[in-house]
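Residue numbers (our numbering), protein chains in the order written: chain Z, 1 to 201; chain U, 1 to 201. In this text, a Cβ means the ideal position worked out from N, Cα and C, and glycines have one as well. Structure, as structure tokens:
Protein chains: 2
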Amino acid sequence: MYIVCFDMESVLTPEIWIEFSRVSGIPELCRTTRDEPDYDKLMRWRLGILKEHGLGIQEVQEVISKIDPLPGARKFLDKLREDIQIVILSDTFEEFAGPLVKKLGMPTILCNSLEIAPDGEILAHKMRISHSKLSAVNAFKSINYNVISVGDSYNDLEMLKASEAGFLFNTTEKMKQDNPELPAFDDFDSLYSAITAVLKG
Amino acid sequence: MYIVCFDMESVLTPEIWIEFSRVSGIPELCRTTRDEPDYDKLMRWRLGILKEHGLGIQEVQEVISKIDPLPGARKFLDKLREDIQIVILSDTFEEFAGPLVKKLGMPTILCNSLEIAPDGEILAHKMRISHSKLSAVNAFKSINYNVISVGDSYNDLEMLKASEAGFLFNTTEKMKQDNPELPAFDDFDSLYSAITAVLKG
Chain Z
1 MYIVCFDMES VLTPEIWIEF SRVSGIPELC RTTRDEPDYD KLMRWRLGIL
51 KEHGLGIQEV QEVISKIDPL PGARKFLDKL REDIQIVILS DTFEEFAGPL
101 VKKLGMPTIL CNSLEIAPDG EILAHKMRIS HSKLSAVNAF KSINYNVISV
151 GDSYNDLEML KASEAGFLFN TTEKMKQDNP ELPAFDDFDS LYSAITAVLK
201 G
Chain U
1 MYIVCFDMES VLTPEIWIEF SRVSGIPELC RTTRDEPDYD KLMRWRLGIL
51 KEHGLGIQEV QEVISKIDPL PGARKFLDKL REDIQIVILS DTFEEFAGPL
101 VKKLGMPTIL CNSLEIAPDG EILAHKMRIS HSKLSAVNAF KSINYNVISV
151 GDSYNDLEML KASEAGFLFN TTEKMKQDNP ELPAFDDFDS LYSAITAVLK
201 G
């Protein structure tokens, strides 16, 4: 039996922080791990900026609810889910992902969480496990699933390589060149065909 | 972080084979593991009966699509999923569960599968893994989830006991008496309160 694991950002939805920065009008929030490679430090800095702007979880979710999945993502998932179970494996936070996951038809998402005060202030981020995507793929393999996975970036490579079939999607030319063994697609129709070809053996 | 694992039949939906027997008008199909304790033998017998009646997967799914979830189940899940990830752990088959899972709002279901011929004939059943519910709970624990689980019958006990919180739901007086350490509920409101009490610590 197969299960398909999807990275979320850039694959099914825009990058949340970049879109958040644009929609909220707080340009410095588009800083990413390319600017600050220490993710923990970056997240503490981001939460500090939210606090400075008086944005609690409710305000943040209101902004995120204005972000839409990538065009075609919902239709693609709906069609795929007729035949196969899917889960989203993401390094984002459940409370941020919520509004986007609803727009994607409520697939299960395994990610991280936030510590939130009763008044809505976001106090801290809590990472569930290191190598979270690889760990999840191994967990599904441990219960006899064959895993197909789809991702776009460096933090997806472990997951893609541990899967029976790993596909790059919406990625860069450099990622494609550096990982020639991973088939790469840029549109949902081609990705759908590649996944169903694996399912049909 | 928490995840909630649900048994499906008797908890969120009726027993599929009993309802199938009723809706399809094939009374002998309400035979269960109480009559034939060897599940593998029972399933081969059931598939033989389907074949005798000329019922392929399409006809079977048409019958199953007439079965509804238990009253209140969808509303309960929708409300719960605002706050927490859920999965269904079931010993049924993906192809049978499909129409019911749609009516439940498309939660992820981890179960078994059928081998189906191109003409729709159901050839065989394929069990993914032994102790499938316990294995799934352990898989989620391996990636640092705290598991809450809900079930009604003997084949749920391993799952319930391996979880941080295990709840009996819609079960028999005998199950309640034999497992006094497992809180038991008979309506979705009480179950919702019990689950959210765990989430809030």
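* Measure the Cβ-Cβ separation of Ala162 (chain U) and Leu89 (chain U) and say whether it is below 8 Å. => For the purposes of this step, residue 162 (chain U) is taken as the residue at position 162 of the second sequence. For the purposes of this step, residue 89 (chain U) is taken as the residue at position 89 of the second sequence. No. Outside cutoff.
* The alpha helix (DSSP H) with Glu59 (chain U) in it runs from where to where? -> Residue 59 (chain U) sits at position 59 when you count from the first residue of the second sequence. Here the alpha helix (DSSP H) through Glu59 (chain U) covers 57-64.
* To do: Given a cut-off of 8 Å, decide if Leu12 (chain U) and Phe6 (chain U) are closer than it, judged by their beta-carbon atoms.
  => If you number the second sequence from 1, residue 6 (chain U) lands on position 6. If you number the second sequence from 1, residue 12 (chain U) lands on position 12. Yes, the pair counts as a contact, with Cβ atoms nearer than the cut-off.
* **Neighbour list for Ala139 (chain Z) in chain U, Cβ cutoff strictly below 8 Å** => Here residue 139 (chain Z) refers to the residue found at position 139 of the first sequence. Near Ala139 (chain Z) (Cβ distances below 8 Å), the residues of chain U are Ala139, Phe140, Ser142, Ile143.
* Pair within 8 Å by beta-carbon distance, Met8 (chain U) and Ala97 (chain U) -> For the purposes of this step, residue 8 (chain U) is identified with residue 8 of the second sequence, where counting begins at 1. For the purposes of this step, residue 97 (chain U) is identified with residue 97 of the second sequence, where counting begins at 1. Contact flag set, yes.
* Identify the contact partners of Met159 (chain Z) in chain U, using a Cβ-Cβ distance below 8 Å as the criterion. => Indexing the first sequence from 1 puts residue 159 (chain Z) at position 159. Per Cβ cutoff of 8 Å: no residues; Met159 (chain Z) is ~12 Å from chain U at best.
* How should Thr196 (chain Z) be labelled, buried or exposed, when 16 other C-beta atoms within 10 angstroms of its C-beta is the threshold for buried? -> The residue you call residue 196 (chain Z) lines up with position 196 of the first sequence. Exposed, because fewer than 16 other Cβ atoms sit within 10 Å of the Cβ of Thr196 (chain Z).
* From Asp189 (chain U) to Glu36 (chain Z), what distance separates their C-alpha atoms? -> Here residue 189 (chain U) refers to the residue found at position 189 when the second sequence is read from its first residue. Here residue 36 (chain Z) refers to the residue found at position 36 when the first sequence is read from its first residue. Computed Cα separation, rounded: 46 Å.
* Go through its chain and collect everything with a Cβ distance to Ile49 (chain Z)'s Cβ below 8 Å, but skip five positions before and after it. => As a first step, residue 49 (chain Z) must be located in the first sequence, where it is residue number 49. Excluding residues within five positions, the ones whose Cβ falls inside 8 Å are Ile26, Glu28, Leu29.
* **Sequence-distant residues of its chain with Cβ nearer than 6 Å to Gly56 (chain Z) (five each side left out)** => Taking the first sequence and counting its residues from 1, the one referred to as residue 56 (chain Z) is at position 56. Contacts found: Gly120, Glu121.
* **Collapsed DSSP secondary structure at Glu9 (chain Z) in the structure displayed** => What you label residue 9 (chain Z) is simply residue 9 of the first sequence in a count that begins at 1. It is a strand residue.
* Simplified DSSP state of Ala117 (chain U), which is helix, strand or coil -> The residue labelled residue 117 (chain U) in the question sits at position 117 within the second sequence. DSSP places Ala117 (chain U) in coil when its eight states are reduced to three.
* Cα-Cα separation, Asn170 (chain Z) to Trp45 (chain U) -> The residue labelled residue 170 (chain Z) in the question sits at position 170 within the first sequence. The residue labelled residue 45 (chain U) in the question sits at position 45 within the second sequence. For Asn170 (chain Z) and Trp45 (chain U), the distance between alpha carbons rounds to 48 Å.
* Asked: Applying the criterion that 16 or more other CB atoms from any shown protein chain within 10 Å of the CB defines a buried residue, is Ser24 (chain Z) buried or exposed?
  -> By 1-based counting over the first sequence, the position of residue 24 (chain Z) is 24. It is buried - the Cβ of Ser24 (chain Z) has at least 16 other Cβ atoms within 10 Å.
* beta strand (DSSP E) runs contained entirely in the stretch 153-183 of chain Z, provided each spans 3 or more residues -> 165-169
* To do: Closer than 8 Å by beta-carbon distance: list the chain U residues that pair up with Gly105 (chain Z), in chain order.
  => For this step, residue 105 (chain Z) is matched to residue 105 along the first sequence. Met106, listed in chain order.
* Neighbourhood of Leu100 (chain U) by C-beta, 7 Å cutoff - its chain only, sequence neighbours within 5 removed -> Taking the second sequence and counting its residues from 1, one reaches residue 100 (chain U) at position 100. Thr13, Ile64, Ile67, Pro69, listed in sequence order.
* Return no unless some Cβ of chain Z is closer than 8 Å to the Cβ of Ala194 (chain U). => As a working mapping, residue 194 (chain U) is identified with position 194 in the second sequence. False, the Cβ-Cβ gap to chain Z never drops below 8 Å.
* Rounded straight-line distance, which links the Cα of Thr33 (chain Z) to that of Glu1 (chain Z) -> The count along the first sequence starts at 1 and reaches residue 1 (chain Z) at position 1. The count along the first sequence starts at 1 and reaches residue 33 (chain Z) at position 33. What sits at residue 1 (chain Z) in the sequence shown is Met, not Glu. Taking the straight line from one Cα to the other gives about 36 Å.
* Where does Pro71 (chain Z) land, buried or exposed, given buried means 16+ other C-beta within 10 angstroms? -> For the purposes of this step, residue 71 (chain Z) is taken as the residue at position 71 of the first sequence. Flag for Pro71 (chain Z) reads exposed.
* **Alpha-carbon to alpha-carbon, Ile3 (chain U) and Ile84 (chain U)** => Numbered from 1 along the second sequence, position 84 holds the residue referred to as residue 84 (chain U). Numbered from 1 along the second sequence, position 3 holds the residue referred to as residue 3 (chain U). CA-CA distance, Ile84 (chain U) to Ile3 (chain U), rounds to 6 Å.
* Which residues in the same chain have their Cβ closer than 8 Å to the Cβ of Tyr154 (chain Z), if we skip the five residues on either side of it in sequence? -> By one-based count along the first sequence, residue 154 (chain Z) stands at place 154. Result list for Tyr154 (chain Z): Met175, in chain order.
* **CB contact below 8 Å: Met1 (chain U) versus chain Z** => As a position in the second sequence, residue 1 (chain U) is number 1, starting the count at 1. Judged by the 8 Å Cβ criterion, Met1 (chain U) is in contact with chain Z.
* **Residues bridged to Gly151 (chain Z) [DSSP beta-bridge criterion]** => To locate residue 151 (chain Z), count along the first sequence from 1; it is residue 151. In the DSSP output, where bridge partners are listed per residue, Gly151 (chain Z) has Z:Leu168.
* Backbone secondary structure at Ile195 (chain U) - three-state DSSP -> In the second sequence, residue 195 (chain U) corresponds to position 195, counting from 1. It is helical.
* To do: Less than 8 Å between the CB atoms is what I'm expecting for Ser113 (chain U) and Glu94 (chain U), so what's the real figure, rounded?
  => Position 113 of the second sequence, counting from 1, holds the residue named residue 113 (chain U). Position 94 of the second sequence, counting from 1, holds the residue named residue 94 (chain U). Right, the Cβ-Cβ distance comes to about 5 Å (below 8 Å), so this counts as a contact.
* Asked: Looking at chain Z, which residues of the stretch 62-86 of chain U have a Cβ within less than 7 Å of any of its Cβ atoms?
  -> Arg81, Gln85
* Asked: DSSP state of Leu89 (chain U), grouped into three classes?
  -> Against the second sequence, residue 89 (chain U) aligns to sequence position 89. DSSP places Leu89 (chain U) within a strand segment (E or B) once states are collapsed to three.
* For Ala136 (chain Z), which residues in chain U fall below 8 Å Cβ to Cβ? -> If you number the first sequence from 1, residue 136 (chain Z) lands on position 136. Result: Ile143.
* Asked: Is the shortest distance between the beta-carbon of Ser113 (chain Z) and the beta-carbons of chain U less than 8 Å?
  -> As a first step, residue 113 (chain Z) must be located in the first sequence, where it is residue number 113. With 8 Å as the cut-off, Ser113 (chain Z) counts as an interface residue toward chain U.
* **Which listed residue (Z:Cys111, Z:Tyr39, Z:Arg22) has its alpha carbon closest to that of Val60 (chain Z)** => In the first sequence, residue 60 (chain Z) corresponds to position 60, counting from 1. Looking at the Cα atoms, Z:Arg22 is the closest of the given residues.
* Pairwise C-alpha distance: Ala184 (chain Z) and Met203 (chain U) -> The question about residue 203 (chain U) has no answer here: the residues shown for chain U are numbered 1 through 201.
* Asked: So, does the CB of Ile148 (chain Z) fall closer than 8 Å to a CB anywhere in chain U?
  -> The sequence position of residue 148 (chain Z) within the first sequence is 148, counting from 1. For Ile148 (chain Z), the answer is no, since every Cβ of chain U falls outside 8 Å of its Cβ.
* **Of the residues U:His53, U:Ile18, U:Arg74, U:Thr92, the one placed nearest Gln40 (chain U), counting alpha carbons only** => Here residue 40 (chain U) refers to the residue found at position 40 when the second sequence is read from its first residue. One point to set straight first is that residue 40 (chain U) is Asp, not Gln, in the sequence displayed. Considering only alpha carbons, the answer is U:Thr92.
* **Option nearest Leu110 (chain U) by Cα separation, candidates Z:Asp186, Z:His125, Z:Ser142** => As a working note, residue 110 (chain U) is residue 110 in the second sequence. Out of Z:Asp186, Z:His125, Z:Ser142, Z:Ser142 has the C-alpha closest to the C-alpha of Leu110 (chain U).
* Simplified DSSP assignment, three categories, for Lys75 (chain Z) -> For this step, residue 75 (chain Z) is matched to residue 75 along the first sequence. Three-state result, Lys75 (chain Z): helix.
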